[in-house]
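Per the numbering used here, the sequence shown starts with residue 399, numbered consecutively.
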Amino acid sequence: MAIAAACTLAFPATAQSPDVQNPTPEDDLDCALFAAYVLDSSEDLTADESTGIMSGMTYFIGRWEAVRGGDLKAAMVDRVKTMSMLDFGALGPTCGGRMTAMGARMTDAGTALIELEKAQKAQGEAEAAKSEEPAGE
Numbered sequence: 399m400a401i402a403a404a405c406t407l408a409f410p411a412t413a414q415s416p417d418v419q420n421p422t423p424e425d426d427l428d429c430a431l432f433a434a435y436v437l438d439s440s441e442d443l444t445a446d447e448s449t450g451i452m453s454g455m456t457y458f459i460g461r462w463e464a465v466r467g468g469d470l471k472a473a474m475v476d477r478v479k480t481m482s483m484l485d486f487g488a489l490g491p492t493c494g495g496r497m498t499a500m501g502a503r504m505t506d507a508g509t510a511l512i513e514l515e516k517a518q519k520a521q522g523e524a525e526a527a528k529s530e531e532p533a534g535e
């Protein structure tokens, strides 16, 4: 859990680092593995934290599949065979920063959609009220 806690503290500071801006598919696979490691090794995650990390893992797998495709299981197994526990710890700041940045983008998009829905609902209600007015008034 110490690795996960340290990574959480490092996320905001690294969200805009240069290596986060141009990740390779291999970086995406590493981050998916990092997220899986955090999920597996952290017993005291809240449900929201687990969901967020699982979403991050899914995001990274999707990015990897979009570019590399192929046998995900084989790619993950082959990569883990070359990694040490130190490698997982070193991935924390970069992968955590990427997950934080992705989460912020999703939050911004969700907020924009909620605001749009509210505006559309208000417009629809105004149009409905206007159409119910008696003619000639």
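Glycine residues also receive a C-beta, built at the ideal position from the N, C-alpha and C atoms.
Computed from a prediction, not measured in an experiment: that's the story for all the values here.
Query, Result
"Mapping DSSP to helix, strand and coil, what is L431?", "helix"
"Measure the beta-carbon distance from L431 to M497 and round it to whole angstroms, keeping in mind my assumption that it falls under 8 Å.", "No, L431 and M497 are not in contact; Cβ-Cβ is about 13 Å, not under 8 Å."
"Which same chain residues, not among the five before or five after G454, have their C-beta less than 6 Å away from its C-beta?", "A433 and M497"
"According to DSSP, is M541 part of a helix, a strand, or is it coil?", "Coverage of the chain is limited to positions 399 through 535, which leaves residue 541 absent and any answer about it impossible."
"Considering only the beta carbon of each residue, do D426 and R461 sit closer than 9 Å?", "yes"
"Start and end of the alpha helix (DSSP H) containing S440?", "Taken as a continuous stretch (DSSP letters only), S440 belongs to no alpha helix (DSSP H), as it is neither H nor E."
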